[in-house]
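Residue numbers (the working numbering), protein chains in the order written: chain A, 8 to 388; chain B, 114 to 378; chain C, 687 to 950.
Each residue gets a CB set at the ideal place from its N, CA and C atoms; glycine is no exception.
This one's a predicted model, so the numbers in the text were calculated from it and none came from an experiment.
What follows is a single structure, written as structure tokens, with notes after it.
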């Protein structure tokens, strides 16, 4: 990776300073998108900070791609404004927005060599030859494709095509990079590598603002500074990635982002100064991280499968008992399913007791209050 | 995969060869043979000669080769421009208008060519649009008849073109004209070439409208072939037909080559 | 939109004038009685019957031949069958009268077939004499228009699941049964679309009929040509053209409907 070269200190590189520090923020201001009477995006208000990777995730039809296309200028909002940096781009055509875009099937121009693909945006904008040459070289070096400059897209593998597509978007020094399901056409193995590469790329181009649309939670968790979870055309939750994972604000978020066990509880005692409340599930008294739950509230206690343990240690002050239903050994991990008064609890364990209990046996589960989160019981957003 | 026994397959293949031979191969072979035939009174010609071709190359027939090529080229070029333009601008229209106009562009292909010729005669035989007796009216007839095919081919190409290409181009800063010239048209090139080739071939073989409108000095190949055979000079007619077939095939194969190389498929 | 304007001037305007001219006699005076006379005339009715007969018979022939050839090409393939399919495809681009000319050499009174039969059996007169009749035209049109059936059929057959056929074979179904129950249902839309296109094209066919030049075989397009060019009877030509165009547009509508169903 010669991303340092790309971010640029060359003498001819007049925008280098502008780019290095200079991703722009994106601001959605009550953006509504509708096709006829069918509203696909309800008033959306959202900010992406300069240099931030925001992952929009959600099931298909949740409006995430529509939001990206509204930024790109392919979808016109019925109302609301979109700003990139200081510019209100709502009424600007796509070619005046200064963006870079990478789509699922790469859309490399098949009749152009790799270098011409990468040069496309700069040529279209009428940049001068010397600058184009240098930028193309830098962009290809950034994605490690310098050796393929003279090839045609059809001579490249899927992963290589995707790198070229990224280089093509980077060569124009975009204010915002839009990635629309960029990895979903790739094999699982290559996809994992590409996720890591995009992460590296962003570390070397810290100023680049990225809007990353995906339905894959692993990509989002790996890459994003912040995540917005979309559902039915609305933002269902939005926040820093780790917060959203550790303290999901609602059931949909908990279940969409990673796997979650949701144990119904009744709050016994509201949270103290450390933020932990006491809740009851049957006879068990459990401690969980709380927001503003009051005593008597029905609530759900969210515990991730990897935080449940069959063996106790000093942190694991919570204990519930379930009936062991299923055991699936998968090499690195063993997945167990227990039944706790009708609620299935999934456990992903790396450590198992020396004598594994029989199916049907009563098994105690231990977990730490720090790994839990109380969330409202209603299924809605 | 449908017939598993070897003998069964053989019987079916012989049957196929019979149909194919009688319907498709025999006509082509016999035209080729007759264009080279010296005298033909029995089952097979009594001798072979290239005389018909040299006659054709010397005589007035050469002018009809020229007339057909020029007519085909100009009419196809005009149809290509007009069809591409129509298909591209139709994309921007609403669904209902698109359907209606799309249908209208196809209608010329459904009307009998003789009627197209008759219509042009009726419409352009009086001032201010006096075209009857000019070469232009032949071009117009051919243009009208092939325009639907170019429009259809280009529309089909556009429909298969993923919108991603143009959208990515826009987002990278390409204005509409730049995008059209550097992205849309190159991606459509295979369809444009195919459309041009098919139009050219159709124009070369056009007879119905041409016999209605052609002026004395502009006799196209098919008209010329017809008058030769009508006079009983069927060997010369066959030679001229072979030239027409060869020109058409070379054109189609050549264009296919170019397209294959350009798109690398 | 300039292309639309161009087409309107060069095509739709002349088309409208044909219809107007059908109501005016050749000196430009309104004369609707001529229409009635033409519609009842022998030459018109004769041509109409010929046109429809030839068109229906040729389309039926195309459907049968096309189906048989497509079945073999798709399901009993042989080395080179792909090339053969493309060769047949190029017939679409060749002039239609070529086949007629070839048939003259093959089946004409002095053609190969008749000469051969006369030599072999010492016959005094040519025994085969179908070329200068309706059937000669039909056979020529079958040759010319079969590719229009073959093309959509091969496309439809390429989508038939090979596994389904193999499964049926394993279960003991005979080839004819598989064709009837698995393959044909998949081919019906293509047959309907291709068949209606054939009807349209055969109704409009001119070159084949002109080249065969049989006295008794006059179709509508040939009649229009004869009336306009040889007799300079423009009103009559326009009346017949109007009817021919109406018939063609009706068939075109049918084809679009069928092709729309097919999703083409």
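Any C-beta of chain B under 7 angstroms from that of residue i
| i | result |
| --- | --- |
| residue 707/C | yes |
| residue 373/A | no |
| residue 28/A | At residue 28/A, the pLDDT of 42 sits below 50, so the modelled position is not reliable; the number obtained from the coordinates is stated separately. Cβ-Cβ to chain B under 7 angstroms: no for residue 28/A. |
| residue 793/C | no |
| residue 701/C | yes |
| residue 106/A | yes |
| residue 243/A | no |
| residue 798/C | yes |
Assigned secondary structure, residue i (DSSP; H/G/I helix, E/B strand, else coil)
| i | result |
| --- | --- |
| residue 917/C | coil |
| residue 132/A | coil |
| residue 14/A | Unreliable placement is indicated for residue 14/A, whose pLDDT of 39 sits below 50; the coordinate value is still reported in the next sentence. Looking at residue 14/A - three-state DSSP - the assignment turns out to be helix. |
| residue 781/C | coil |
| residue 179/A | coil |
| residue 358/A | coil |
| residue 301/A | coil |
| residue 342/B | helix |
| residue 286/B | coil |
| residue 33/A | strand |
| residue 95/A | strand |
| residue 365/A | coil |
| residue 904/C | coil |
Cutoff 7 angstroms; reference residue i; Cβ partners in own chain excluding five residues on either side
| i | result |
| --- | --- |
| residue 28/A | Summary for residue 28/A: the model assigns pLDDT 42, below 50, so the residue's position carries little reliability; its value from the coordinates is reported in the next sentence. Contacts found: 214. |
| residue 288/B | none |
| residue 885/C | 741, 745 and 937 |
| residue 192/A | 111, 112 and 165 |
| residue 353/A | 266, 268, 312, 342 and 344 |
Which listed residue (the options) has its alpha carbon closest to that of residue i
| i | options | result |
| --- | --- | --- |
| residue 365/A | 201/A, 332/A, 136/A and 353/A | 332/A |
| residue 832/C | 899/C, 865/C and 888/C | 888/C |
| residue 159/B | 200/B, 168/B and 147/B | 147/B |
| residue 95/A | 179/A, 382/A and 34/A | 34/A |
| residue 298/A | 313/A, 288/A, 281/A and 66/A | 281/A |
| residue 697/C | 255/B, 321/B, 133/B and 307/B | 255/B |
| residue 196/A | 221/A, 165/A, 207/A and 186/A | 165/A |
| residue 787/C | 825/C, 835/C, 759/C and 804/C | 825/C |
| residue 173/A | 115/A, 286/A, 65/A and 325/A | 115/A |
| residue 142/B | 798/C, 862/C and 728/C | 798/C |
| residue 803/C | 186/B, 157/B, 245/B and 322/B | 157/B |
| residue 97/A | 108/A, 79/A, 112/A and 107/A | 79/A |
| residue 347/A | 340/A, 218/A, 357/A and 308/A | 308/A |
| residue 819/C | 867/C, 789/C, 713/C and 910/C | 789/C |
| residue 231/B | 738/C, 916/C, 689/C and 943/C | 916/C |
| residue 300/A | 278/A, 287/A and 311/A | 278/A |
CB contact check: residue i to chain A, cutoff 7 angstroms
| i | result |
| --- | --- |
| residue 281/B | yes |
| residue 196/B | no |
| residue 287/B | yes |
| residue 373/B | no |
| residue 343/B | no |
| residue 359/B | no |
| residue 303/B | no |
| residue 309/B | no |
Within-7 angstroms CB hit, residue i to chain C
| i | result |
| --- | --- |
| residue 240/B | no |
| residue 115/B | yes |
| residue 370/B | no |
| residue 137/B | yes |
| residue 335/B | yes |
| residue 167/B | no |
Close Cβ partners of residue i (< 6 angstroms) along its chain, the five nearest in sequence each way excluded
| i | result |
| --- | --- |
| residue 342/A | 335 and 355 |
| residue 700/C | none |
| residue 375/A | 322 and 323 |
Cβ shell of residue i (< 8 angstroms), same chain only, five flanking positions each side left out
| i | result |
| --- | --- |
| residue 206/A | 229 and 230 |
| residue 225/B | 321 |
Under 8 angstroms from the C-beta of residue i: neighbouring residues of chain D
| i | result |
| --- | --- |
| residue 785/C | Within the model displayed, chain D is absent; protein chains A, B and C are what it includes. |
Three-pair Cβ contact test at 8 angstroms for the region 228-237 of chain A versus the region 245-261 of chain A: yes
At least three beta-carbon pairs within less than 8 angstroms, the region 834-847 of chain C to the region 785-794 of chain C: no
Examine the Cβ distances between the region 889-899 of chain C and the region 929-943 of chain C and report whether three or more of them are shorter than 8 angstroms. yes
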